[in-house]
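Structure record follows, encoded as structure tokens.
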């Protein structure tokens with residue numbers, strides 16, 4: 001129903017009230033930024049002083065210097081990151097002074113609170129208060145800023161009786177959310193801290209313990225909720241999580257680049273962000289297996305296969321063996337080997353470490369025999385023979401054959417390359433499945449290999465030679481970091497033209513040892529135990545991947561975010577219990593996000609219809625919060641290349657007209673097989689080439705990105721040009737659903753082949 005007519009006089013009074021409100025808030029925002037600048041300068045000065053002190057004094061003094069340097073550096077970085085939109089909200093409550101809400105908490109020099117951290121309990125009404133349940137809140141005001149300038153305010157009136165009429169005629173609160181949804185994309189996700197909705201806030205502030213599953217369809221903000229939850233937990237449980245850290249696992253490296261600015265902008269810089277491809281330190285997977293191969297590797301049964309393979313490295317000889325030690329013949333007896341193995345296994349150590357116990361037990365037998373052959377009975381004298389026996393070639397070979405040391409990579413590579421070994425250690429696996437695992441030595445590691453390598457690393461333990469090589473590589477990295485640290489110290493003090501060089505200062509700093517943050521130490525340590533793990537696009541993880549994550553968080557404090565309907569491939573999951581497997585313990589709770597804030601209703605309805613037509617209707621349907629005119633278009637063509645170029649040009653022109661030249665982002669989404677062809681076509685067009693990232697560069701840094709559906713998971717764009725939906729569907733209904741629901745404004749389908757069932761007919 002239309003509201004009452006507005007007279008010019010009414011409009012003028014509203015404009016005057018708005019201008020007065022903007023001026024009022026600008027004065028307060030200036031005060032907050034002045035305090036931010038003051039703190040940043042003070043901490044920067046302290047950091048510069050500490051950096052120039054060097055490693056003099058006692059070990060305790062050096063340790064304290066490092067601690068202060070790390071604290072000051074972290075604080076300066078945090079203050080730098082919250083510069084943009086520092087203040088975004090104000091709460092007016094009955095009987096209280098106005099309370100301002102922002103990215104971090106700030107107080108003035110007299111300890112009067114200037115700004116409430118959005119994660120603080122006192123900020124919760126900013127997100128939870130409604131007209132039906134306002135509590136003590138009279139008005140909630142959103143502050144819209146550009147740089148340090150207030151450009152608008154928006155009021156939600158929750159208690160009209162306590163607010164004067166002039167202010168009550170201001171803007172409504174929904175405008176902030178819809179303005180954020182309608183704004184042109186910039187290639188990176190922004191935080192939603194100013195527009196968190198009530199159902200999202202409840203998830204963000206949920207308890208730390210246990211596994212929280214957040215099921216959310218496209219555009220419900222589940223990724224943003226997961227990131228804001230990580231920031232909230234670090235704030236609310238700082239003491240616990242600062243020591244153990246938080247691990248964030250995303251679906252792809254493109255996704256991690258897309259979200260990389262969110263947590264720092266919320267004041268948190270100490271989270272380890274990775275993908276399953278990069279989970280194992282020192283190993284990076286760059287290849288995806290075919291779906292059937294990845295499915296075999298991901299089965300929980302692979303854990304037993306690998307355990308048998310490790311046990312197979314421990315072999316008792318069938319008969320006694322003769323060993324030559326400097327001309328003396330010793331005898332390796334099977335019963336002695338068996339007893340030494342039993343002792344080593346009782347130690348409970350991983351294979352490579354338990355080998356030390358085995359070797360010591362065997363050397364005891366062999367040294368006794370060697371001493372006896374030499375006529376030496378005294379135990380003290382026998383000890384002198386230990387090195388002779390240990391280093392004898394026959395002894396080394398024999399003991400290695402009985403208990404072979406190895407690396408995870410070496411063992412898994414042998415398994416893949418040796419069908420006989422797979423048949424021996426995977427007797428319950430079909431010949432067809434074993435054949436899928438076969439590949440030549442030297443093949444690149446795939447994403448599905450990483451959980452298997454991690455499982456083997458747990459079973460095998462560290463390998464001495466591999467550890468030595470890694471330590472050498474880490475030392476080089478640390479030396480480079482020391483040099484960078486020294487260069488910053490010199491630059492901050494204006495000493496660049498003096499007698500002190502960065503190399504000289506780096507040598508002084510090196511004596512104090514590494515100054516690694518919790519996140520840096522955790523990222524480099526496979527055995528690190530995290531206080532909390534956040535997993536995005538969790539529906540894609542295999543049982544073996546979950547095993548790897550559970551090892552890193554035995555407390556099972558996890559936030560698991562995803563959408564069953566967006567699962568890739570042709571193996572749908574009926575429930576989160578099925579997806580989680582062992583991770584689905586007694587303390588699993590589920591939250592469902594039901595409103596899509598991103599995807600226009602027209603596009604959302606079409607995507608849902610297409611999914612249902614494939615027999616995969618979403619178990620958790622979502623409702624779009626808005627619709628837009630011309631949100632969907634379809635172009636059928638005989639010349640696919642020409643049509644794609646023409647459509648991309650036209651969509652860029654639409655964005656230029658709507659937001660200004662060069663604003664907004666377009667994604668061209670294809671099946672994996674066609675991605676290269678489409679990218680080459682765009683790169684070959686002189687006009688469109690300017691809007692495309694160069695080969696090898698980050699596609700998110702350009703106005704037009706060409707991606708397959710795996711890369712597009714978790715991302716959003718103003719416009720999506722979807723090329724040949726039938727080819728995308730070949731990867732599974734979930735892939736097509738993902739591709740169709742990436743746009744915030746418009747989906748344009750370009751096809752030559754028939755469209756999959758569910759698309760509207762002309």
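Numbering (the UniProt record's numbering), first residue to last: 1 to 762. Where a beta carbon is used, it is the ideal one built from N, C-alpha and C, also for glycine.
Check	Outcome
Given residue 368 as reference, the closest of 384, 568, 531 and 355 once Cα atoms are compared	384
Continuous beta strand (DSSP E) stretch holding residue 743: start and end	743-751
Contact set for residue 634: own chain, Cβ-Cβ below 6 Å, skip 5 residues either direction	749
Contained beta strand (DSSP E) runs [length at least 3] in the region 644-708, N- to C-terminal order	666-670 and 704-708
For residue 637, the three-state DSSP class (helix, strand or coil)	coil
Nearest-angstrom Cα separation, counted from residue 30 out to residue 256	33 Å
Complete alpha helix (DSSP H) runs within the region 244-276 (minimum length 4 residues, chain order)	253-259 and 262-265
N- and C-terminal bounds of the beta strand (DSSP E) containing residue 100	99-102
Contact set for residue 230: own chain, Cβ-Cβ below 8 Å, skip 5 residues either direction	246, 248, 263, 268, 271, 532, 534 and 559
Pairwise C-alpha distance: residue 407 and residue 284	16 Å
Nearest to residue 287 (by Cα), restricted to the options 543, 99, 448 and 602	448
Distance between residue 344 and residue 707 (C-alpha atoms, nearest Å)	51 Å
Residues that residue 152 bridges to, as DSSP identifies them	144
Neighbour-count burial assignment, residue 19, 16 or more Cβ in a 10 Å radius	exposed
Span separating the alpha-carbon of residue 544 from that of residue 436	17 Å
Coil, strand or helix - residue 322 by DSSP	strand
6 Å CB neighbourhood of residue 21 in its chain, flanking five on each side removed	153
Beta carbon of residue 108 nearer than 7 Å to that of residue 114	yes
Cutoff 7 Å; reference residue 590; Cβ partners in own chain excluding five residues on either side	213, 215 and 576
Segment limits, beta strand (DSSP E) that includes residue 92	87-93
Buried or exposed by the 16-neighbour rule on C-beta atoms within 10 Å, applied to residue 405	buried
Own chain, CB closer than 8 Å to residue 374, minus 5 neighbours either side, in chain order	328 and 385
Interface flag, residue 50 vs chain B, CB-CB below 7 Å	Although the question refers to chain B, the structure presented lacks it and comprises just one protein chain.
Distance between beta carbons of residue 131 and residue 158, contact taken as under 8 Å	5 Å
Other residues of its chain near residue 376: CB distance less than 8 Å, five sequence neighbours each side excluded	382 and 385
Through-space distance from residue 399 to residue 340, alpha-carbon basis	11 Å
Contact between the region 38-53 and the region 88-97 (3+ Cβ pairs under 8 Å)	no
Collapsed DSSP secondary structure at residue 596 in the structure displayed	strand
C-alpha distance - residue 6 paired with residue 194, whole-angstrom precision	Interpretation of residue 6 is limited by its pLDDT of 42, a score under 50 that renders its predicted location unreliable; the figure taken from the coordinates is listed afterwards. Their Cα atoms are separated by approximately 30 Å.
Counted within 10 angstroms of its Cβ, other Cβ atoms place residue 751 as buried (16 or more) or exposed	buried
DSSP three-state assignment for residue 558, whether helix, strand or coil	strand
Meets three-Cβ-pair contact criterion under 8 Å: the region 706-726 and the region 667-682	yes
Sheet register partners of residue 533 (DSSP bridge)	247 and 558
The alpha helix (DSSP H) enclosing residue 410, as first and last residue numbers	408-417
Distance between residue 603 and residue 440 (C-alpha atoms, nearest Å)	45 Å
Which listed residue (724, 700, 201 and 571) has its alpha carbon closest to that of residue 296	571
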